[in-house]
Amino acid sequence: MAPQPKELQVLLLDSPRQRLTDLSALIQPQIQARIVYRTVNSFENAVRGLLLPEYDVLVWYAEADWRVDALAQMPMRQSVSKRLLVLVDHPTVEQTVDLMQAGVYAVADWRDSGRIAALINRKLEVLNGQNPGADADAVPSAQKTVQLQADLLQQVSDAIVTFDNQRRITSWNNAATSIYGWTEDEAIGQIMEELVKAEFLSHSPEEAMEIFTRTDHWRGELREMDRHGAEHYIITSVNRIYNEDGEAVGGVLINRDITAGKRIEKQILIQNEFLHQNRDLIAMADADGTIIYMNQGGATMLGADSPETLIGRHIATTHPAGDAVRTSEEFIPRAVKTGYWRGENRLKTLDGRVIDVDQTLFPIHDADGSLVGAATIIVDITERKQAEERIRHGQERYRQMFERVNLPKLITDPQTAVILDANPAAVAFYGYPLETLRTMNMMQINVAEPHIILERMKQVLAGEVDTCVFDQRLADGTIRSVEGYAVAIEHEGRAAIYCTYIDVTERNRALAALEEVNRELEQRVDQRTRALRESEHMLQLVLDTIPVRVFWKDTESVYLGCNRLFAEDAGLPDTNEIVGRNDLDMPWAQTQAEAYRADDRTVIESGVPKLDFEEAQFNGKGEEIFLLTSKIPLQNTDGRIIGMLGTYVDITDIKQAQVTLQEALNKEKELGELKSRFVLMASHQFRTPLAAILANTETLTIYRDRMDQSQIDTRLERIRTQVHYMKGLMDDILELARIQANQIQFKPDLVDLDALCREIIDDFAHQKHYSDRIVYQGPTPPLTATLDRHLMHHLVNNLIHNALKYSSSHEPVYVSLAQKDRQIVLAVKDQGIGIPQEDLKNLFVPFARAGNVGAIEGTGLGLSIANQAVTAHQGSINVDSRVGVGTTFTITLPLRA
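If you want the working numbering, it's the position in the sequence shown, counting the first as 1, plus 828.
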């Protein structure tokens, strides 16, 4: 039984439906095949960049929509008279028929209808199992059929490759060579996936293998590399091949190169996005006026959320009633006649608003020139129209202001200075009729050089100036001064200068008179100023001459001025430097500054002067000076206090004289006290030994003949002892007198200080009351230094004697001598009565004695002399004493070899 005929789908691009009838007539009526027609309208082609199509018909035999693939096969520059006919079998047709029919393409002129019909009939006859011709001699034998199949395999544009079960290539057609670059001889025997590197796009390799294993077929998309490294996008169809026994012996690949189609698809996507993102309205309607496409920008312009809301509506619904009629009866016919129409129109949005638009209309014709629709591009110009309306109203207002304002106004050409227009006030001011003014230029009016006038106009045009002053000549010859206010404008489509003039002649005369008065006033002011400056100079000269410091401040204690002596005290080079400062800015101490400001406030707030009070101050040299100050409030003529005036006299010399006098008085008093203490001491210290001498002398005188020699010697020894005591007392007094009179003679020499100490200690050891009480620790080796032997003897002797005298007879006295670094350290320590704390401050004052010495004899001169001896050697003496515990004297002297 013959196979059932397949469906033949006919796709017609941008062509009227009657063209399909012409195509149907080409097919023999005895062929039982059902033809399915499909028309692609202009909108679909417009989306794909084919708004003005070059191709009319595209025919294929397939169930799937291969539109993009077919477009990829179209030559981009085909002449309008050529049409493309494409015959493609669907992969599910019987394998032999698929191999014979797949990818058969033919390009023909419509006039060559016989050859096109033969191709279609042959195709359908093969599908129906019939012979392609009526002549029995033309029926091909099996061998011819095989040869025909082989020829067809080499002629198709799809790559057809067969392979065995080991996936080795067994056949390779011309299209495969064209796509991949390898010849048939190079490809046979190669493994396909090793020869051609492929990337699976529609499925993973595992998914593709699973489908092929389960169904013996897989169809998908690949990206493959040819032998030159170029990429190809491929639609592949893989089918398994069985032999007569039903055994799988390999497979067949049918690969279609869709690379060009991919590029077009990308371009289509870009164009779609451009149309979608465009804010202008882009739409298409069919011949009946029904909207078949609109972009998102158009939907937004008409107040719709999406284009789908408007597609299917008639274009009349998007216009107000009158505008819809004009569009259909006037604008579209004009576009059809001239090829396009552009002009202003109006649209009505979904919410009833009316907007002004700039519209361009394009008619769409089929190949026969029949009108099948129209495309339009619309720009919303509502805001522009509103702006134009505002400008129109503004121009009207400008004209009214120009005509009605009672000031001369001229509009001039900035290039030639020709007067373009003048208002009635200008006509009246200049005295020329309007027609005459419009023939004149500014050089005939302005009394100025022409280049100056043109340069000023150029500056106005550039926005650099907006005012000008000129003398202008009127029709009667009068010269008037005017002040112009100019601005650049557009006048009748060209640049111009709009200037308003004000007659300032009288004002200038008044100003000239005023300037004359001002000059006279300035002369008087200059005279008064000179007199005032002379007066100020004289006042300053007086202030700088008087031997008193003078200064004045405002109510905030800010200096307003001073005289020269005050500036010198403040360390300022000029009296003007004081202005604007306050006391915190001056060199005196902060406490002084705050005290001065407090005095200022008291005087200013109370209004009561503060006179002749003493205060201290540090001058600009940092020296402390003493002042006798007076401060009085400053009042203006209304009696209001406006500041404070201060004066002071430097009484530093007087204060120093007072201090010197006081010191002299203190010394005199001290000397008197010294004399008193001396007399008291002398009366006490000399009376006792003199009384002893007198008593022993009288005893010897009266009882000498009754005494033996030992008794006499005892009395004589007592007299000798008291004489030595008095001699030592006199020596101390004389030594102190020499020291205080600076008559002491410092005679340094090389002294063995250790030997001197041992000598003094030995002298005390031979005295009955002091023997065996001194513990001495000397240096090793002996200490030799440059010292005054006499002063050192007095120093050591006095310290040891005091330690023995003011301590108990059974308590030892410790004496140590040592060298530490470059210093001599002598220490004398006792365990005696100690010195009260309050007496330490007068310890080295002549005749001063501690309050706890009781009946212990002493003159109070020893430590004073010892201190002077230490001072003469540039040393120091330190005392550490506690009452009832003892006292330690430490002497430190510089070591000089």
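Just so it is clear, CB atoms sit at the ideal spot from N, CA and C, and this is done for glycine as well.
Mind reading off the beta-carbon distance from Tyr1313 to Ile1239? Whole number of angstroms is fine, and I expect it under 8 Å.
-> That pair is no contact at about 13 Å.
Ends of the alpha helix (DSSP H) at Glu1405?
-> Run containing Glu1405: none; DSSP gives neither H nor E here.
Excluding the five sequence neighbours on either side, which residues of its own chain have a C-beta within less than 8 Å of the C-beta of His1319, listed in chain order?
-> Spatial neighbours of His1319 in its own chain (CB-CB distance under 8 Å, excluding positions within 5 residues in sequence) are listed in chain order as Ile1239, Leu1248, Asp1249 and Tyr1326.
To which residues of the same chain is Gly1703 closer than 7 Å at the C-beta, ignoring the five residues directly before and after it?
-> Ile1719, Thr1720, Leu1721 and Pro1722
Closer than 8 Å by C-beta to Met1535: which residues in its own chain qualify, once you throw out the five before and the five after it? Chain order, please.
-> Leu1528 and Arg1543
In angstroms with no decimal places, state the Cα-to-Cα distance between Val1066 and Arg996.
-> When rounded, the distance between both Cα atoms is 14 Å.
Segment limits, beta strand (DSSP E) that includes Thr998 = Per DSSP, the unbroken beta strand (DSSP E) holding Thr998 starts and ends at Ile997 to Trp1000.
Tell me whether Gln1665 is buried or exposed, calling it buried when 16 or more other Cβ atoms sit within 10 Å of its Cβ.
-> That one is exposed.
Where Lys1555 and Asp1577 are concerned, what is the direct C-alpha to C-alpha distance, given to the nearest angstrom?
-> Rounded to the nearest angstrom, the two C-alpha atoms are 27 Å apart.
Would a C-beta distance cut-off of 7 Å place Pro1461 and Ile1453 closer than the cut-off?
-> no
Between His1142 and Thr1118, is the Cβ-Cβ spacing less than 7 Å?
-> yes
Does the pairing of the segment 1286 to 1296 with the segment 1199 to 1218 give three or more beta-carbon distances under 8 Å?
-> no
Beta-bridge partners of Ser1458, as assigned by DSSP | Thr1475
Between the CA atoms of Lys1495 and Ser1705 - distance to the nearest angstrom = The amino acid at residue 1705 is misidentified as Ser; the sequence shows Ile. Each residue's alpha carbon lies about 25 Å from the other.
So which of Pro1161, Asp1428, Gln1573 and Leu1081 has the shortest CA-CA distance to Ala1115?
-> Pro1161
Among Leu1178, Glu1052, Leu1623 and Glu1442, which has the Cα closest to the Cα of Leu818?
-> Any property of residue 818 remains undetermined from this structure, which presents the chain solely from 829 to 1725.
Counting contacts by CB-CB distance shorter than 7 Å, is Arg1601 in contact with chain C?
-> Given the protein chain composition of this structure (a single chain), no chain C is represented.
Taking DSSP as the reference, what is the three-state secondary structure of Leu1282?
-> helix
C-alpha distance - Met1053 paired with Ala1026, whole-angstrom precision | 7 Å
Return helix, strand or coil for Phe1672, following the three-state DSSP convention.
-> coil
Does the distance from the C-beta atom of Arg1051 to that of Trp1010 stay below 7 Å?
-> no
Ordered list of beta strand (DSSP E) runs contained in the segment 1172 to 1204, each at least 3 residues | 1182 to 1193
Note down, one range per segment and in chain order, each beta strand (DSSP E) of at least 3 residues found wholly within the segment 1662 to 1716.
-> 1704 to 1710
So what's Glu872 in DSSP terms, helix, strand or just coil?
-> Residue placement at Glu872 is poorly supported in this model, since its pLDDT is 33, which falls under 50; the coordinates are not used for a value here.
Answer yes or no: do Glu1231 and Asn1251 have a C-beta to C-beta separation smaller than 7 Å?
-> yes
Which residues share a DSSP beta bridge with Trp1416?
-> In the DSSP output, where bridge partners are listed per residue, Trp1416 has none listed.
List the DSSP bridge partners of Trp1010.
-> DSSP, once it has assigned bridges, lists no residue as partnering Trp1010.
Out of curiosity, what's the CA-to-CA distance linking Gln1550 and Leu1489?
-> 43 Å
Is Lys1596 helix, strand or coil when you go by DSSP?
-> coil
For the alpha helix (DSSP H) that Lys1633 lies in, which residues bound it at each end?
-> Arg1617 to Lys1633
Whether Leu1178 touches Leu1130 by CB criterion (7 Å) = The answer is yes: Cβ separation under 7 Å.
Within 10 angstroms of the Cβ of Ile1063, are there 16 or more other Cβ atoms? Answer buried if so, exposed if not.
-> buried
Kindly indicate the opening and closing residues of the beta strand (DSSP E) around Pro1576.
-> Pro1576 to Asp1580
By Cβ distance below 8 Å, which residues in the same chain neighbour Asp1466 in space, the five residues on each side in sequence not counted?
-> none
Kindly list the residues whose CB is nearer than 6 Å to the CB of Thr1328, restricted to its own chain and excluding five residues on each side of it in sequence; keep chain order.
-> These residues qualify, in order along the chain: Leu1235, Lys1237 and Tyr1313.
Work out the CA separation of Leu1388 and Asp1382 for me, nearest whole Å.
-> 7 Å
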